[in-house]
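Data block below; observations after.
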Amino acid sequence: MAEVIKHVSLWLVLSPLIGAIIAGLFGKIIGRRASHWITILGIAVSFVLALYIAKVIFVDQLGSFNFNFYSWIRSGSFTFHVGFLVDRLSASMLLLVTFVSLLVHVYSIGYMKGDPGYQRFFSYMSLFTFAMLTLVLANNFAVLFFGWEGVGLVSYLLIGFWFNKPTAAFGSMKAFLVNRVGDMGMLLGIGAVLTYFGSLSYHDVFAHKDILLGQHINIIAGLHWNAVTVICILLFIGAMGKSAQMPFHVWLPESMEGPTPISAMIHAATMVTAGVYMVVRFSPLFEMSHVALTLVLVIGATTALFCGLIGVFQHDIKRVIAYSTLSQLGYMMAGAGASAFSAGMFHLFTHGCFKALLFLAAGSVILANHHNQDMRKMGALRKYMPITYITFLIGALALAAIPPFAGFYSKDAIISAVGLSTIPGSTYAYVCVLISAFITALYIFRAFFLTFHGKSNVPADVKKDLKESSWVVTLPLIILAIPSVVLGFILVKPILFGHPGVFGQSVFVAAKYNVLAQLGTSFHGAWQMALHGFITLPCWLAFAGIATAWYFNIQNPALAEVLKRRFSWLYYIVINKYGFDDFNQIVFVRGSQKFGKFCLSVFDLKVIDHFFVNGTGRLVNWISKVMRRVQTGYVYHYAFAMMIGLFVLVGWRLL
Amino acid sequence: MISLSTYLILSAILFTIGMVGIVLNRKNLITVLMSIELILLAVNTNFIAFSDYFHSNIGEVFVFFILTVAAAEAAIGLAIVIAVFRSRHSIMVEDLDKLRG
Amino acid sequence: MIIEVLTQIIFYIFALAAVISALVVITTQNAVKGVLFLVLTFVAMAGVWILLHAEFLALILVIVYVGAVMTLFLFVVMMLNMETTNFKRGLVRYLPLALVMALLILVMIILVVSPQQFGLSHFPAPAAVSAHYSNVRALGNTLYTGFIYPFEIAGALLLVAMIAAITLSFRGPLRRRIVRPADQLKVRRADRVRLVKMKTEKGGDAS
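Protein chains in written order, with the numbering used here: chain V, 1 to 655; chain S, 656 to 756; chain G, 757 to 963.
In structure tokens, the structure reads:
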């Protein structure tokens, strides 16, 4: 069986790559239709193989498979291997990644119609899938990092897909650079792991994790920290960069410059979830350090609240959904920080479905409005786009965590877990996630009402073309709407409270932090949980959010204006995203530019050019000018030189 | 009693005077030639002093040949001075700077 | 005893004369004066050589060196008709440095030849010679037996020097103006006169 799984996983990872290479290199030769069919075929193969693996892992319950393919680099006594770990956690992620990728590929046929870079787009998307699958299936830190960097790179390529647009180029650079900062922390963490464990494979690290107990790292002289805390914090910095937690969240809104399908795939379901996946994968390490867990929890909760708050005031529909992603990622991290790793992963899956749905629906709306994304120029679209309307509504209800939709189960589990958690910072986090539940409902339903209800602000020339999008666009919407409704209901028991549960041995929770076990005692079935949910605080907050959104946008829009003027200072802070972007721009961007100019003018021009390079020339010139005076042409001068030479020679011998 | 070193010191003084004459001379090319003669004289004195105090004739033989060569060299040197004068019309050492680089 | 004192007095007189006239040789402006004082230097040194029992060479110095070479110098000086140079050209810039260098070299040499190495204790004064001692004979014995070959070469060298001197300074017949009647008679009109036709200037006056 192990041999079969080995080959299956290899083909699973390679077939998107093959599709990407063919579409990328030969796209112009084989044409558009062939390009998209080749790549979709590659992803479809991956999806089918992922289903097969899921069957083996979950249905046949054959345990996990860990194997190395070949030795990648040999360096002294250490060897980097390339290998895959197929266990419950990675198998479930495989399903999500391939499923969403397949749907988005089909959707892109309609969305990117007529775009000059059509083949390039499909190639990039398949390449991204390859990198993400490598990341998910990695069995050691080196392959993980390869996939990590790979998704970062392809994300850059895809955000800057329309590279002639300056905002797109800027956004792609920003995404890549902020990612790199996170990657540096990741790399340091990997280095620390290598130092302490002598091996990068997960198996070795998890088996010997007790080595780290009691070990300290000397950060700066006199500052001793637990080794495991330092490692976990460094790895989490990488996760912060990838999953856009504060303060590395700045790249996600700008990443909306890319086409909508990639926002759906990369920035909803796959790349940004890599950080959460990583934290859950390394749960054995994180459980050993409550400092790291606190950090994860606090940052996650803070991101959830503050980024959601920004989303309330945005005008661009994709921006709203982008900030919503940031907020939900914060939820997932908070769940992981509260040691409810299964809950975090559960939310990852449900979020993957309904967020992708929301993005694709937004894309459908944008397409219909001739690529206009400003919600102030939309309104009352429900008459023209019924399928989009219904699916968007389903997605919004799932996002706002209204029972019995999927988002409710996962989000509620997280909120309860954070409430039960006892690590420092959990009270603050609980308050944040509660308020954020209200905010979530507020922003998504504001977007909903502005777009599909109310007065129609659509310009006349666009209005006459308004109609539902083609089947390649709406079919993925419908397909994604189904899990958004039922996935939570189906999965809640197995994922959170099952034994061995969906994730089984892949996720490790220490006994003192096991909030899910506590929750499990009060769990009596999914339907019961839904009914109970209607009388819990988060649900009320969600309904309050919907009501507020309806009131401000349909019933009494003028009141919004009044409030905006009264609290203009608050509005100003939020609309400027708390100044993170400005800070980055002024300090880092302009600082680097100034530093670069300084290096140019001082080091390059003055020191190296003027002093060393030209200076050598001038020195030679000067020496020759001085030496030229010796050649006077007068014989008696030469005789004098002889005299001096004689004196030196004899004097030296004498002495 | 005059010791050997007295004669040697005398010849050293003459030698130095000759050297100074070559180097510190800007006026005359002939002065250079004369200084060379002084140097040769000093060297000859050295030889003869050693020949006397070592009871050997070899030093004197040497001086014999040095005198010969010195005479030949003085003749040729003066012929060169004449040639230089005919082409440059000046024998001021200062004006002879064609080797200047 | 008296002999020794006298010897010393004579030596110092001659030595002083030599040194002073050498100084005059190198400092004087007048070339003739310089040559003459060089003669005096040589004569004084000849006296010193006699004190060193090298009579033949002392006389050779006077006869050959002074008589021939110095005379040659005088001939050249006269022929070139030099004026005494003017003082306008400034003193040599590196005069102090050169003097210091020379003094240093002198001190160095004296250190080498000091009485500590070459004093009377190391090399005693030579004994007086017998009355029949002839320096010429002794020198001739050594010269014509052991050094006959260098002797012949010295002769050849003098020949070469003579040829070289003549080559350098002989201007030769090319520069002289001799009347050659045969060439004068062979001259034709065509060698001397050439008529050139020129265009007349337009509009010019006949003035």
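Glycine included, C-beta positions come from ideal geometry on N, C-alpha and C.
Chain V residues whose Cβ lies nearer than 7 Å to that of residue i
i, result
"A854/G", "F640"
"V678/S", "Y636, A639, F640 and M643"
Which listed residue (the options) has its alpha carbon closest to that of residue i
i, options, result
"Y357/V", "A322/V, L252/V and A334/V", "As written in the sequence, residue 357/V is Leu, which differs from the Tyr given in the question. For L357/V, the nearest C-alpha among the options comes from A322/V."
"A704/S", "D750/S, E749/S and Y662/S", "Y662/S"
"L393/V", "A441/V, V272/V and M627/V", "A441/V"
"L381/V", "L450/V, Q373/V and S410/V", "L450/V"
"G300/V", "I317/V, T260/V, G344/V and T270/V", "G344/V"
"N699/S", "H710/S, F709/S, G714/S and Y708/S", "G714/S"
"Y409/V", "T391/V, R629/V and P494/V", "P494/V"
"A131/V", "N139/V, R120/V and F146/V", "F146/V"
"S64/V", "A2/V, Y571/V, S71/V and V13/V", "A2/V"
"H710/S", "F812/G, P852/G and L808/G", "L808/G"
"V228/V", "E257/V, N179/V, M378/V and H208/V", "H208/V"
"K355/V", "I237/V, T302/V, F341/V and T325/V", "T325/V"
"K455/V", "A413/V, L600/V, R376/V and F161/V", "R376/V"
"V13/V", "P424/V, L49/V and F552/V", "L49/V"
"K577/V", "H224/V, E254/V, V630/V and R653/V", "E254/V"
Beta-carbon contacts of residue i that lie in its chain and below 7 Å, excluding the five residues immediately before and after
i, result
"F141/V", "I190, V193 and L200"
"K953/G", "none"
"P166/V", "none"
Counterpart residues of residue i in DSSP-defined beta bridges
i, result
"H81/V", "S71/V"
"H715/V", "Given a span of 1 to 655 for chain V in the structure shown, any question on residue 715/V remains unanswerable."
"F65/V", "V86/V"
"A138/V", "F84/V"
"S201/V", "N140/V"
"D374/V", "D316/V"
Proximal residues of chain V, C-beta to C-beta of residue i below 9 Å
i, result
"R755/S", "Q631, T632, G633 and Y634"
Close beta carbons around residue i, own chain, < 6 Å, minus the five adjacent residues each side
i, result
"Y636/V", "none"
"I575/V", "F313"
"V675/S", "none"
"P261/V", "V104, Y107, S108 and Y111"
Where residue i meets chain G, residues with beta-carbon distance less than 8 Å
i, result
"V675/S", "I782, A854, L855 and A858"
"D707/S", "L808, H809, A810 and P882"
"F647/V", "M857, L860, I861 and M864"
8 Å CB neighbourhood of residue i in its chain, flanking five on each side removed
i, result
"E287/V", "L293, S339, F508, V509, A510 and Y513"
"I43/V", "S15, P16, G19, T98, S101, L102, H105, S126 and T129"
"I746/S", "N683, L684, I685, V736, V739 and F740"
"L434/V", "I415, L537, P538 and L541"
"L51/V", "L95"
Partner residues on chain G for residue i, Cβ-Cβ distance less than 7 Å
i, result
"I644/V", "M857"
"L751/S", "Chain G residues near L751/S: none, gap ~14 Å exceeds 7 Å."
"I703/S", "W805, L808, A810 and L813"
"I721/S", "Residues of chain G passing the Cβ test: none, with the nearest at roughly 10 Å."
Contact set between residue i and chain V, taken where Cβ atoms lie within less than 8 Å
i, result
"V748/S", "Y634, V635 and Y636"
"L867/G", "L654"
Amino acids of chain G, ordered along the chain, whose beta-carbon sits closer than 9 Å to that of residue i
i, result
"L650/V", "The amino acid at residue 650/V is misidentified as Leu; the sequence shows Val. Simply I861, M864, I865 and V868."
Interface partners of residue i on chain S, CB under 9 Å
i, result
"I758/G", "The premise fails here: I758/G is roughly 13 Å from chain S at the closest Cβ pair, so nothing lies under 9 Å."
Within chain S, the residues that residue i reaches when beta carbons sit closer than 8 Å
i, result
"G790/G", "N683, I685, T686 and M689"
"G875/G", "S658, L659 and S660"
"V775/G", "L665, I668, L669 and I672"
(request) Spell out a yes or no on whether the segment 763 to 778 of chain G and the segment 800 to 812 of chain G are touching, meaning 3 or more CB-CB pairs, one atom from each, closer than 8 Å. (result) Short answer: they touch.
(message) Quick check: the segment 363 to 376 of chain V against the segment 467 to 479 of chain V, are at least 3 beta-carbon pairs closer than 8 Å?
(response) yes
(request) Tell me, please, whether the segment 166 to 180 of chain V touches the segment 227 to 234 of chain V by the rule of three or more beta-carbon pairs shorter than 8 Å. (result) no
(request) Say whether the segment 686 to 693 of chain S touches the segment 881 to 890 of chain G, bearing in mind that this needs 3 or more beta-carbon pairs closer than 8 Å, one atom from each stretch. (result) no
(request) Count the C-beta pairs between the segment 261 to 271 of chain V and the segment 204 to 220 of chain V that are closer than 8 Å, then say yes if the count reaches three, no if not. (result) Contact fails: fewer than three Cβ-Cβ distances are below 8 Å.
(message) Can you confirm whether the segment 635 to 652 of chain V touches the segment 823 to 830 of chain G when touching is taken to mean that 3 or more C-beta pairs between the two stretches lie within less than 8 Å?
(response) no
(request) Tell me, please, whether the segment 900 to 913 of chain G touches the segment 720 to 733 of chain S by the rule of three or more beta-carbon pairs shorter than 8 Å. (result) yes
(request) Indicate whether the contact test is met: 3 or more Cβ pairs, each with one atom in the segment 568 to 583 of chain V and one in the segment 239 to 254 of chain V, closer than 8 Å. (result) yes
(request) Specify whether the segment 50 to 67 of chain V and the segment 318 to 337 of chain V touch according to this definition: at least 3 beta carbon pairs, one from each stretch, less than 8 Å apart. (result) Fewer than three Cβ pairs drawn from the segment 50 to 67 of chain V and the segment 318 to 337 of chain V lie within less than 8 Å of each other, which leaves the two stretches out of contact.
(request) Mind the definition here: the segment 457 to 472 of chain V touches the segment 384 to 393 of chain V only if three or more C-beta pairs lie below 8 Å; say whether that holds. (result) yes
(message) Counting beta carbon pairs with one atom in the segment 77 to 93 of chain V and one in the segment 115 to 122 of chain V, are three or more of them shorter than 8 Å?
(response) no
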